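The working numbering applies: residue 256 is where the sequence shown begins, and numbers increase by one. Heads up, the thing below is written out as structure tokens.
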Amino acid sequence: MAKRAGRPPSTQDALEDYLPYLVNRLASLGQAVQNKQLAVNGVNVVTLRTLSLLHIQDGRTVNEIAALAFAEQSTASRAIDAMVTAGLVERRISEKDMRRREIVLTEKGREVLRACWPLMEDHYARIMRDVAPADLQVCRRVLARMIDNIR
């Protein structure tokens, strides 16, 4: 890939052509739309990501959830506090390691996840509309490579 000139974009078009800007814009717009859709169920994206992560593997720590939910540790901790209060998750001490505090999904949390998931499917369908399957495969492969490059 050609090296960039080292100067910031000088036009709006140049900025919008800059791939990191596009990725951040998609993530920001997508999260705003998702938060608006999820609000009818009293949750937000961080809550939904947490519910999804615990659905896949229960008993994660706050730090594990923060890393996997793309949230700051303090944000994840506050979200989990609110989720405990709402009865979506519970805290427990690990049976294997008394120092480990795990977060587990409650039945109410599972119900909320099931209620919200169709909204996420609709969101996915909306952003993928008119995108060819072959283009999606290339996009996934390229994004995965970029993620690997910055790890």
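Glycine residues also receive a C-beta, built at the ideal position from the N, C-alpha and C atoms. These figures come from a predicted structure and were not determined experimentally.
In the structure shown, what three-state DSSP assignment does residue i receive?
i      : result
Leu360 : strand
Arg381 : helix
Gly261 : coil
Thr330 : helix
Asn299 : coil
Thr266 : coil
Val278 : helix
Arg406 : coil
Lys291 : helix
Met338 : helix
For residue i, write down the residues that DSSP places opposite it in a beta bridge.
i      : result
Arg315 : Ile358
Arg346 : Ile358
Could you pull out every residue in the same chain whose Cβ sits closer than 8 Å to the Cβ of residue i, ignoring the five residues on either side in sequence?
i      : result
Phe325 : Arg304
Arg384 : none
Keeping to the same chain, check which residues put their C-beta closer than 7 Å to that of residue i; ignore five residues upstream and five downstream.
i      : result
Glu345 : Val339, Val359, Thr361
Arg406 : none
Tyr276 : Leu270
Ile382 : Gly285
Pro264 : Leu270, Tyr273
His378 : Val288, Gln289, Gln292
Ala298 : The amino acid occupying residue 298 in the given sequence is Val; Ala does not appear at that position. Same-chain partners within the cutoff: Val367, Cys371.
Could you tell me how far apart the beta carbons of residue i and residue j are, in whole angstroms, since I believe they sit closer than 8 Å?
i      : j      : result
Arg315 : Glu366 : About 20 Å separates the two Cβ atoms, so there is no contact after all.
Ala331 : Val301 : 7 Å
Ala321 : Glu327 : 7 Å
Establish whether the CB of residue i and some CB of chain D are separated by less than 7 Å.
i      : result
Asn318 : The structure shown has no chain D; it contains just one protein chain.
Quiz item: Okay, do the segment 371 to 379 and the segment 281 to 301 touch, 3+ Cβ pairs below 8 Å being the bar?
Solution: Touching, per the Cβ criterion.
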